[in-house]
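Notes for the one structure printed next.
2 protein chains.
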Amino acid sequence: MLKLHHLRVGRSVFTIWLLEELGAAYEMDFYDRNEAGRAPPELKKAHPLGKSPVIEDDGFVLAESGAIALYLLDKFDSENKLGPPTDDIKAKAEWMQWLMYSEASAFAPMLIKLLLSRTDPKPPVFDGFAAGEVALQLGYLEDRLEGREFVMGDRFSVPDIGATYIAQMAQRLGEIEPYPNLQAYLARNMARPAWQRAMEKTGG
Amino acid sequence: MLKLHHLRVGRSVFTIWLLEELGAAYEMDFYDRNEAGRAPPELKKAHPLGKSPVIEDDGFVLAESGAIALYLLDKFDSENKLGPPTDDIKAKAEWMQWLMYSEASAFAPMLIKLLLSRTDPKPPVFDGFAAGEVALQLGYLEDRLEGREFVMGDRFSVPDIGATYIAQMAQRLGEIEPYPNLQAYLARNMARPAWQRAMEKTGG
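Respectively, the protein sequence lines represent chains A and B.
Note that the first sequence ends on residue 893 in this note's numbering; no numbers are left out.
Note that the second sequence ends on residue 893 in this note's numbering; no numbers are left out.
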């Protein structure tokens, strides 16, 4: 059975959410962060980077949230309910852009903001960078969600997993308030039965 | 004709490199950074994030290096010389993992290292994070390149574009010296005719 190495609290609950959306069968190994908030060394036995999510499928080990998501689609979404358009390379590319966006462009500024929350006074180079970039990225998502229920339109799909992760980070960092579309989007996705099941299975 | 919005100096030269590897026809718009090293506001006319690379293809605008790379494969690599395996979902997933790795896991620590190079004294929260994470990521790439000419084995493919970007950042930040495989890999890729053409067309 497919196994997820799940580190509490962090990114991998979003992979569990996707597994639940797909109705996939899976099992979990649980890991807890140490006092400094870092992953425990045991995770390095699953994958050399020692991060989570990591999946194992019959000896095959895979890291990177975006790549894991695409693999889970290949494996569990034979009707392509949550995957990219397949008949138009431009529509497919736009879907891939939004899949990668949350892992790439949007993530680094949020990480810097998270590290800033742990230091005082705020170093100006990082504070200035984060102030501009976080507003840019969250404003971009806010605009994208204007008139759209989900990132790709009126249907939930895999790019919503990463975008919800960014929205949740924004909320936890106290940055979501100026973005009503993003707030409503986060609440909408967290009301989904699959998200609720992910919360129940992991303890939140 | 496909147009690339190219910001000097930065990530988008790696998209030009891929276009050259593919033998694609394209044109470029050039942008220069301002005194603070940031992209000029004109780039926001191409894409709301105002970053580069951005491509435009017959009115279709696409951002995110990884998504652009996959689109260029769909458009220009009909023989699948540089793309993912298509007959095995695990092999394809591993390829996607390495494509996304350079955009996601590897990038944020390198960005923080870059910002650290612009401030003195180094704020401990960021310095400590970067010290551990940069060594972890570059060591992971170093190990991957042990006995492999390219990230996916003995054949150059698209994940090498992003990995070379990370290697070049490591070199520019003075971090590459402990990693002989990575140094050799960077030199090997920068000796490729397509990279040389990208340098000539952009002025390096």
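The C-beta atom is built at its ideal place from N, Cα and C for all residues, glycine as well.
Model, not experiment: these values are computed from the prediction.
Taking 8 Å as the CB-CB cut-off, is residue i touching chain A?
i: B:Ala752; result: yes
i: B:Phe796; result: yes
i: B:Ile801; result: yes
i: B:Met785; result: yes
i: B:Met789; result: yes
i: B:Gly892; result: no
i: B:Leu871; result: no
i: B:Pro848; result: no
i: B:Leu804; result: yes
i: B:Asp763; result: yes
Please state the DSSP three-state secondary structure of residue i.
i: B:Tyr868; result: coil
i: A:Met789; result: helix
i: A:Asp766; result: coil
i: A:Leu751; result: strand
i: A:Glu716; result: strand
i: B:Lys811; result: coil
i: A:Lys692; result: strand
i: A:Glu835; result: coil
i: A:Gly842; result: strand
i: B:Asp776; result: coil
i: B:Glu731; result: coil
i: B:Val847; result: coil
i: A:Leu805; result: helix
i: B:Ala887; result: helix
i: A:Arg861; result: helix
i: A:Pro882; result: helix
i: B:Gly893; result: coil
i: B:Pro737; result: coil
Roughly how many angstroms separate the alpha carbons of residue i and residue j, rounded to a whole number?
i: B:Ala856; j: B:Pro798; result: 13 Å
i: A:Val814; j: A:Lys764; result: 44 Å
i: A:Tyr720; j: A:Leu696; result: 5 Å
i: A:Thr808; j: B:Asp747; result: 47 Å
i: A:Asp816; j: B:Gly755; result: 28 Å
i: B:Lys770; j: A:Ala782; result: 19 Å
i: A:Glu889; j: A:Gln860; result: 21 Å
i: B:Val698; j: B:Asn723; result: 11 Å
i: A:Ser794; j: A:Ser767; result: 30 Å
i: A:Arg881; j: A:Glu792; result: 22 Å
i: A:Trp787; j: B:Thr891; result: 28 Å
i: B:Pro729; j: A:Pro867; result: 25 Å
i: B:Phe796; j: B:Pro848; result: 14 Å
i: A:Tyr661; j: B:Met789; result: There is simply no residue 661 of chain A to check, as chain A begins at 690 and stops at 893 in what is shown.
i: A:Leu800; j: A:Gly821; result: 14 Å
So, for residue i: in the same chain, excluding its five sequence neighbours on each side, which residues have a beta-carbon less than 6 Å away from its beta-carbon?
i: A:Leu862; result: Lys802
i: A:Leu762; result: Gly772
i: B:Ser701; result: His695, Ser741, Pro742
i: A:Phe703; result: Ile850, Tyr854
i: B:Ala887; result: Val702, Ile705, Trp706, Glu709
i: B:Asp718; result: His694
i: B:Ala852; result: Ser791, Val840
i: B:Ser846; result: Leu771
i: A:Lys811; result: Leu805
Chain B beta carbons: is any one of them nearer than 8 Å to that of residue i?
i: A:Ile778; result: yes
i: A:Arg886; result: no
i: A:Pro831; result: First, the amino acid is wrong: residue 831 of chain A is Glu here, not Pro. It does not; no Cβ of chain B falls within 8 Å.
i: A:Tyr760; result: yes
i: A:Thr808; result: yes
i: A:Asp766; result: no
i: A:Phe749; result: yes
i: A:Gly863; result: no
i: A:Phe815; result: yes
i: A:Glu866; result: no
i: A:Asp843; result: no
i: A:Leu825; result: yes
i: A:Gly712; result: no
i: A:Leu696; result: no
Going by beta carbon distance, what residues of the same chain come within less than 8 Å of residue i, once the five residues before and after it are set aside?
i: B:Ala714; result: Met690, Leu691
i: A:Glu731; result: Tyr720
i: B:Lys733; result: Gly739
i: B:Asp843; result: Arg837
i: B:Thr775; result: Asn769, Lys781
i: B:Met785; result: Pro773
i: B:Gly712; result: Phe765
i: A:Asp777; result: none
Quick one: what's got a C-beta closer than 7 Å to residue i's C-beta in the same chain, skipping five residues either side?
i: A:Ala752; result: His736, Leu738, Lys740, Val743
i: A:Tyr760; result: Leu751
i: B:Trp884; result: Trp706, Asn878
i: B:Arg833; result: Val840
i: A:Leu871; result: Leu827, Leu830, Glu831, Leu834, Ala856, Ala859, Ile865
i: A:Gly726; result: none
In the DSSP output, which residue or residues are listed as bridge partners for residue i?
i: B:Arg697; result: B:Asp721
i: B:Glu783; result: B:Glu783 pairs with nothing; no bridge assigned.
i: B:Val743; result: B:His694, B:Ala752
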